[in-house]
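Residue numbers (this note's numbering): 10 to 480.
C-beta: ideal position from N, C-alpha, C; glycine also.
This structure is a prediction, so every number in the text was calculated from the model and none was measured.
To keep things clear, I will list the structure first and then write my remarks on it.
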Ligand code: AMP
Ligand code: ZN
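So, in structure tokens, the structure goes:
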């Protein structure tokens with residue numbers, strides 16, 4: 010097995026990945042809050058997680074991937090103040106909170122398909138795991154980690170000695186961050202809600218009975234309860250965007266380790282932001298965010314252009330979104346796919362020298378820009394077209410750019426080709442066919458036409474001369 014190095018936010022360094030159980034990986038990726046469409050920033054995080062999963066699979070690990078759907082309990086403020094995002098979405102659209110959750114969960118799953126993101130093995134919804142969350146809060150209560158205020162049951166972060174171990178921030182700074190929302194009843198600014206009570210004067214659409222009264226779970230508890238339920242002891246890698254480090258993941262770790270008395274996940278990976286021009290984070294709350302639909306599909310761009318754009322930037326570097334970057338990515342992807350199509354139809358064998366280089370790049374904390382550069386080297390190399398094709402299709406198991414499909418379908422751009430654009434093999438066949446026609450050996454010229462067709466090209470004898478196009 011090749012070594013894989015991943016940057017672990019816990020240790021702030023690249024570490025060799027060693028799973029708890031040999032050859033198996035438990036992977037938990039925080040899923041969407043389904044009150045609106047996923048924007049390109051959210052999708053950047055899911056794309057990095059997909060590359061991680063595919064890299065583990067490429068290295069022959071059996072990956073068990075769990076993703077949650079946050080369909081309740083994520084308030085408009087991250088510190089447990091404000092409205093529930095689902096109930097707010099329901100008001101905005103005149104639908105029920107349940108309808109909002111169903112609609113945007115489906116929209117999210119459609120986006121994953123368009124981006125070739127592999128489906129998790131297990132989807133789990135917060136609303137379908139309420140009793141597990143209540144159970145965990147009861148355990149925390151028994152161990153005296155909780156206290157009650159007028160609006161809910163809270164976790165006392167002062168009881169955790171290494172509360173800042175993921176954020177690496179001085180406690181004073183974490184507390185300062187938490188003071189954005191003031192709740193005078195909390196014992197410490199960093200304390201967070203485990204269970205919130207329904208308001209006394211109005212009825213919520215989503216609420217449940219609990220030992221503490223009718224209400225709903227806090228946002229963080231769902232990921233702790235569901236990762237423990239679905240992954241059990243296989244707690245290898247937990248991921249999300251960098252905005253999850255200081256609050257969501259810090260709180261997941263605090264409550265899980267308090268409840269179980271054991272280390273929660275071993276590796277914590279975080280993707281950097283997609284920013285809009287001017288360096289500001291793309292955020293759902295801004296309202297004018299970009300989605301696959303409005304930034305790509307409506308403009309006639311293949312959604313995989315966005316996947317390609319993301320692959321060009323390492324996942325831990327922030328990335329700026331603009332029409333120019335998408336246009337450049339579109340040209341880059343088209344050119345790459347056309348070059349792959351021009352390799353013909355025959356699939357040879359994977360070149361092991363290039364494969365080693367590819368593995369070295371991708372196993373080095375998912376270096377996708379380098380992996381793309383290796384594809385260019387393969388295309389420029391002296392390998393024969395069939396071996397080039399086999400090698401590139403093998404790499405596409407990780408990159409997920411649909412190269413096999415595009416190649417089999419004869420390319421995305423159907424246009425006339427110049428003779429120089431063809432491989433030497435096809436060029437030779439074309440000139441042999443010209444010779445056969447010149448000597449009126451039509452049987453031979455038809456045989457050669459079929460042979461060329463098998464390699465993915467159509468030759469026609471048009472009035473203006475020879476016409477060659479992709480099949
Ligand atoms: P949410 O649906 O808001 O819970 O976010 C879903 C995922 O997207 C989380 O892992 C976030 O960390 C991530 N995320 C949110 N905004 C951005 C952004 N601008 N760039 C990259 N990832 C983001
Ligand atoms: Zn989570």
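Does the beta-carbon of residue 258, which I'm using as the reference point, lie nearer than 8 Å to any heavy atom of ligand 2?
The sequence position of residue 258 within the chain shown is 249, counting from 1. Yes, the beta carbon of residue 258 sits closer than 8 Å to at least one heavy atom of ligand 2.
Leaving out five residues before and five after residue 16 in sequence, what residues of the same chain have Cβ atoms less than 6 Å from its Cβ?
The residue you call residue 16 lines up with position 7 of the chain shown. 23, 374, listed in sequence order.
Okay, do the region 347–362 and the region 302–320 touch, 3+ Cβ pairs below 8 Å being the bar?
no
Have a look at the DSSP bridge pairing and note the partners of residue 352.
Taking the first residue of the chain shown as 1, we reach residue 352 at position 343. None, per the DSSP bridge assignment.
With a cut-off of 5 Å, give the chain-ordered residues whose Cβ is closer than this to any heavy atom of ligand 2.
39, 232
With a cut-off of 8 Å, do at least 3 Cβ pairs link the region 31–41 to the region 75–86?
yes
Confirm, please, whether the CB-CB distance from residue 260 to residue 206 is below 9 Å.
Reading the chain shown from its first residue, position 197 is the one you call residue 206. Reading the chain shown from its first residue, position 251 is the one you call residue 260. Not a contact, by the Cβ cut-off of 9 Å.
Starting from residue 330 and walking both ways along the beta strand (DSSP E), at which residues does that stretch end?
The residue you call residue 330 lines up with position 321 of the chain shown. Residue 330 -> beta strand (DSSP E) spans 328–330.
For residue 143 and residue 150, I'd like the C-alpha separation in whole angstroms.
Indexing the chain shown from 1 puts residue 143 at position 134. Indexing the chain shown from 1 puts residue 150 at position 141. Spanning the two alpha carbons is a distance of roughly 10 Å.
Would you say the beta carbon of residue 5 is closer than 8 Å to some non-hydrogen atom of ligand 1?
Any answer about residue 5 is impossible in this case: the structure gives the chain only from 10 up to 480.
Could you compute how far the alpha carbon of residue 225 sits from the alpha carbon of residue 81?
For the purposes of this step, residue 225 is identified with residue 216 of the chain shown, where counting begins at 1. For the purposes of this step, residue 81 is identified with residue 72 of the chain shown, where counting begins at 1. About 8 Å.
Touching by the beta-carbon criterion (3+ pairs, under 8 Å), the region 404–419 and the region 448–456
no
According to the neighbour-count rule (16 or more other Cβ atoms, all chains shown, within 10 Å of its Cβ), is residue 58 buried or exposed?
Residue numbering aside, residue 58 sits at position 49 when the chain shown is read from its first letter. Burial call: buried.
Residue 63: buried (16+ other C-beta within 10 angstroms of its C-beta) or exposed?
Counting from 1 along the chain shown, the entry for residue 63 is found at position 54. Its Cβ being crowded by 16 or more others within 10 Å, residue 63 is buried.
Residue 383 and residue 397 - do their beta-carbons sit closer together than 9 Å?
Counting from one through the chain shown, the residue named residue 397 turns up at place 388. Counting from one through the chain shown, the residue named residue 383 turns up at place 374. Cβ distance not < 9 Å, so residue 397 and residue 383 don't count as in contact.
contact_flag[the region 151–162, the region 255–272] where n(CB pairs < 8 Å) is 3 or more
yes
Opposing strand residues paired with residue 78 [DSSP bridges]:
Along the chain shown, one-based indexing puts residue 78 at 69. Paired residues: 134.
Between residue 126 and residue 67, how many whole angstroms is the CB-CB distance? I'm expecting something under 8 Å.
Within the chain shown, the letter at position 117 stands for residue 126. Within the chain shown, the letter at position 58 stands for residue 67. Not a contact, Cβ separation roughly 15 Å.
Straight-line Cα distance separating residue 248 from residue 18
Within the chain shown, the letter at position 9 stands for residue 18. Within the chain shown, the letter at position 239 stands for residue 248. One C-alpha to the other measures close to 10 Å.
Three or more C-beta pairs under 8 Å: does that hold for the region 327–335 against the region 345–356?
no
If we count the other Cβ atoms within 10 Å of its Cβ and call it buried at 16 or more, is residue 53 buried or exposed?
Translated into the one-based positions of the chain shown, residue 53 becomes position 44. By the neighbour-count rule (16 or more Cβ atoms within 10 Å), residue 53 is buried.
Is any non-hydrogen atom of ligand 1 found closer than 8 Å to the C-beta of residue 251, if you look at the structure I gave you?
For the purposes of this step, residue 251 is taken as the residue at position 242 of the chain shown. Under cutoff, so the answer is yes.
Which parts of the region 452–477 are runs of the beta strand (DSSP E), unbroken and 3 residues or longer, counting only runs that do not cross its ends?
466–471
Excluding the 5 residues preceding and the 5 following residue 190 in the sequence, name in chain order all residues of the same chain whose CB lies nearer than 7 Å to its CB.
Counting from 1 along the chain shown, the entry for residue 190 is found at position 181. Once the five neighbours on either side are set aside, the close Cβ partners of residue 190 are 86, 88, 90.
Taking the CB atoms as reference points, tell me whether residue 48 and residue 298 lie closer together than 9 Å.
Taking the chain shown and counting its residues from 1, the one referred to as residue 48 is at position 39. Taking the chain shown and counting its residues from 1, the one referred to as residue 298 is at position 289. Yes, these two residues count as a Cβ contact at 9 Å.
In whole angstroms, give me the CA-to-CA distance for residue 171 and residue 286.
One-based indexing of the chain shown puts residue 171 at position 162. One-based indexing of the chain shown puts residue 286 at position 277. Roughly 37 Å separates the two Cα atoms.
Candidates 176, 233, 185, of which the one nearest residue 138 by Cα
As a working note, residue 138 is residue 129 in the chain shown. Cα-wise, what sits closest to residue 138 is 233.
Would you say the beta carbon of residue 283 comes nearer than 8 Å to a heavy atom of ligand 1?
As a first step, residue 283 is located in the chain shown; it is residue number 274 there, counting from the start. Yes - ligand 1 has a heavy atom lying nearer than 8 Å to the Cβ of residue 283.
Which of the three DSSP states, helix, strand or coil, is assigned to residue 422?
To locate residue 422, count along the chain shown from 1; it is residue 413. Low confidence applies here, because residue 422 scores a pLDDT of 46, under 50, leaving its location unreliable and the question unanswered by this model.
Chain C contact for residue 150 (CB, 9 Å cutoff)
Looking for chain C here will not work: only one protein chain is present.
With a threshold of 8 Å (Cβ to nearest heavy atom), would residue 276 be considered close to ligand 1?
To locate residue 276, count along the chain shown from 1; it is residue 267. False, no ligand heavy atom lies under 8 Å from that Cβ.
Does ligand 1 have a heavy atom nearer than 8 Å to the CB of residue 51?
To locate residue 51, count along the chain shown from 1; it is residue 42. The answer is yes for residue 51.
Host beta strand (DSSP E) of residue 225 (start-end):
The residue you call residue 225 lines up with position 216 of the chain shown. Its beta strand (DSSP E) spans residues 224–226.
Selected residue, minimal CA-CA separation from residue 482, among 131, 477, 204, 403:
Outside the displayed span of the chain (10 to 480) sits residue 482, for which this structure offers no information.
Under a three-way DSSP split, which group does residue 277 fall into?
The residue labelled residue 277 in the question sits at position 268 within the chain shown. Residue 277: strand per DSSP, three-state reduction.
Pick from 116, 176, 194, 94: whose alpha carbon is nearest that of residue 106?
Along the chain shown, read from residue 1 onward, the residue named residue 106 stands at position 97. The candidate whose alpha carbon is nearest that of residue 106 is 94.
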